[in-house]
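Down below is the structure, laid out as structure tokens.
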Amino acid sequence: KGLVKVGAAATALGVAHQLGVLKYLLAGVAAVPIAVVAAGTISGLLGKKHSARFAGWLVPVVCGMADSKLAPLRRELLKDLEGTVLDVGAGGGVYLRYSFDRKDFVDRHIAVEPNVNCHPKIEKTYATLLEKFSSDEEEAQGKAPALELTSCFLEDLVNTIVPQASVDWIILGNVLCEVLDPEKELKLLNQLLKPGGKIYFCEHVRAPDGSLWGKMQDFVAPWWKLASDGCNCNRRTLSIIQNSTPWKFEHWNVAGRFEIGVGMKPKK
1 KGLVKVGAAA
11 TALGVAHQLG
21 VLKYLLAGVA
31 AVPIAVVAAG
41 TISGLLGKKH
51 SARFAGWLVP
61 VVCGMADSKL
71 APLRRELLKD
81 LEGTVLDVGA
91 GGGVYLRYSF
101 DRKDFVDRHI
111 AVEPNVNCHP
121 KIEKTYATLL
131 EKFSSDEEEA
141 QGKAPALELT
151 SCFLEDLVNT
161 IVPQASVDWI
171 ILGNVLCEVL
181 DPEKELKLLN
191 QLLKPGGKIY
201 FCEHVRAPDG
211 SLWGKMQDFV
221 APWWKLASDG
231 CNCNRRTLSI
241 IQNSTPWKFE
251 HWNVAGRFEI
261 GVGMKPKK
């Protein structure tokens, strides 16, 4: 108990298949227009300031596209959100909608996004959801999830904004490819998560050894990292999660290059 049942999640994954998610994900990097990648590369060559600005525009767009395809699956896997939700690498704030879906149960949605160029989009997303909530709740009592937006890194978050063992849910949405030391970050996240707290992740990973796509990822990794402001497209993220945390989780590989999972920190 505590984990999403395989049957329910498998059903959601089936829905995602019907919506054409696999076809969408199979496109991978190729789905991004060459002109956009070229612009990102130029921004990267111009320096961190320019690449961060470019990422501040690109990340919300790409995350929004992905969410439009994955919404049924995410809604199933996040149907038990409650309490304090820590959204790490919040991007454009796409996961806020799932906290509002659980507005009677979620108190705080802490959006951690070091790239301040993404913050206006997160604030706009929250304002739109809040306006809809206010309209729906005009004649009823209720309280919307509170948004706490920070550009802090996890090292600064522990025991300041977020006390240890105080988070009910952690959301990791394509963020572990970006951090310099994912093992260290996962250990910090485990400190923040309550015993019995839950984790959701949606991460792109390196394709299996020997596959053509894996070799392509290795080949493009250096310039893709430059173009995307730090993304490591060939990182073996699932293995890192498995080896760095005590979390018990179920996961599903999509198209060989994406891992989606949900799990729980042991209570003892």
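Numbering of the sequence shown is given in the working numbering, commencing with residue 1 and proceeding in unit increments. For every residue, glycine included, the Cβ atom is placed at its ideal position computed from N, Cα and C.
Which residues bound the beta strand (DSSP E) around residue i?
{"i": "asparagine 253", "result": "248 to 254"}
{"i": "threonine 150", "result": "146 to 150"}
{"i": "glutamate 113", "result": "Here glutamate 113 belongs to no beta strand (DSSP E), and DSSP marks it neither H nor E."}
With a cut-off of 8 Å on the beta carbons, I'd call residue i and residue j a contact; round off their distance for me.
{"i": "glycine 196", "j": "lysine 267", "result": "4 Å"}
{"i": "methionine 264", "j": "lysine 187", "result": "No, methionine 264 and lysine 187 are not in contact; Cβ-Cβ is about 17 Å, not under 8 Å."}
{"i": "glutamate 82", "j": "valine 59", "result": "Not really, about 27 Å apart at Cβ, beyond 8 Å."}
{"i": "threonine 245", "j": "valine 205", "result": "With a Cβ gap of about 16 Å, threonine 245 and valine 205 do not count as contacting."}
{"i": "leucine 147", "j": "valine 167", "result": "Between valine 167 and leucine 147 the Cβ distance is about 15 Å, and since that is not below 8 Å, they are no contact."}
{"i": "glycine 261", "j": "proline 208", "result": "No, glycine 261 and proline 208 are not in contact; Cβ-Cβ is about 17 Å, not under 8 Å."}
Looking only at C-alpha atoms, which of the options sits nearest to residue i?
{"i": "lysine 121", "options": "Asp218, Lys248, Cys63", "result": "Cys63"}
{"i": "lysine 225", "options": "Glu178, Arg74, Glu82, Ser135", "result": "Glu178"}
{"i": "valine 85", "options": "Ile171, Met264, Asn234", "result": "Ile171"}
{"i": "cysteine 202", "options": "Leu73, Asp101, Asp104", "result": "Leu73"}
{"i": "proline 145", "options": "Lys69, Leu130, Val158", "result": "Leu130"}
{"i": "tryptophan 247", "options": "Asp209, Glu259, Leu189", "result": "Leu189"}
{"i": "alanine 111", "options": "Val262, Lys132, Cys152", "result": "Cys152"}
{"i": "glutamate 123", "options": "Lys103, Tyr98, Ala90", "result": "Ala90"}
{"i": "leucine 149", "options": "Lys184, Arg206, Glu183, His109", "result": "His109"}
{"i": "cysteine 231", "options": "Gly173, Asp67, Glu155, Leu77", "result": "Gly173"}
{"i": "proline 114", "options": "Glu155, Ser239, Leu96, Ser134", "result": "Glu155"}
{"i": "lysine 184", "options": "Ile241, His119, Leu96", "result": "Ile241"}
{"i": "lysine 103", "options": "Val94, Gly142, Trp169, Asp87", "result": "Gly142"}
{"i": "arginine 75", "options": "Asn253, Val88, Leu96", "result": "Leu96"}
{"i": "threonine 160", "options": "Ser134, Tyr126, Gln191", "result": "Gln191"}
{"i": "leucine 77", "options": "Gly93, Asp136, Trp169", "result": "Trp169"}
{"i": "valine 254", "options": "Val61, Leu70, Asp136, Asp87", "result": "Leu70"}
{"i": "alanine 66", "options": "Cys118, Arg53, Val94", "result": "Val94"}
{"i": "lysine 132", "options": "Asn234, Phe100, Pro182", "result": "Phe100"}
{"i": "tyrosine 200", "options": "Tyr126, Asp80, Trp223", "result": "Asp80"}
{"i": "glycine 92", "options": "Val220, Val175, Arg235, Glu250", "result": "Val175"}
{"i": "asparagine 117", "options": "Gln164, Pro163, Arg53", "result": "Arg53"}
{"i": "proline 182", "options": "Arg235, Phe219, Ala165", "result": "Arg235"}
Can you give me the start and stop residues for the alpha helix (DSSP H) that residue i sits inside?
{"i": "threonine 84", "result": "Threonine 84 -> not in any alpha helix (DSSP H); beta strand (DSSP E) instead, spanning 83 to 88."}
{"i": "lysine 143", "result": "Neither: lysine 143 is in no alpha helix (DSSP H) and is coded neither H nor E."}
{"i": "alanine 333", "result": "Because the chain here runs from 1 to 268, residue 333 falls outside it and cannot be looked at."}
{"i": "glycine 153", "result": "The residue asked about is misnamed: residue 153 is phenylalanine in this sequence, not glycine. Neither: phenylalanine 153 is in no alpha helix (DSSP H) and is coded neither H nor E."}
{"i": "asparagine 243", "result": "237 to 244"}
{"i": "leucine 78", "result": "Here leucine 78 belongs to no alpha helix (DSSP H), and DSSP marks it neither H nor E."}
{"i": "arginine 102", "result": "Counting along the chain, arginine 102 falls outside any alpha helix (DSSP H), and DSSP gives it neither H nor E."}
Determine which residues share a DSSP beta bridge with residue i and list them.
{"i": "valine 262", "result": "Tyr200, Glu250"}
{"i": "arginine 108", "result": "Thr84, Ala146"}
{"i": "valine 167", "result": "Leu193"}
{"i": "valine 158", "result": "Val162"}
#### Entry: beta strand (DSSP E) segments (min. 3 residues) lying fully within the stretch 169 to 222
193 to 204
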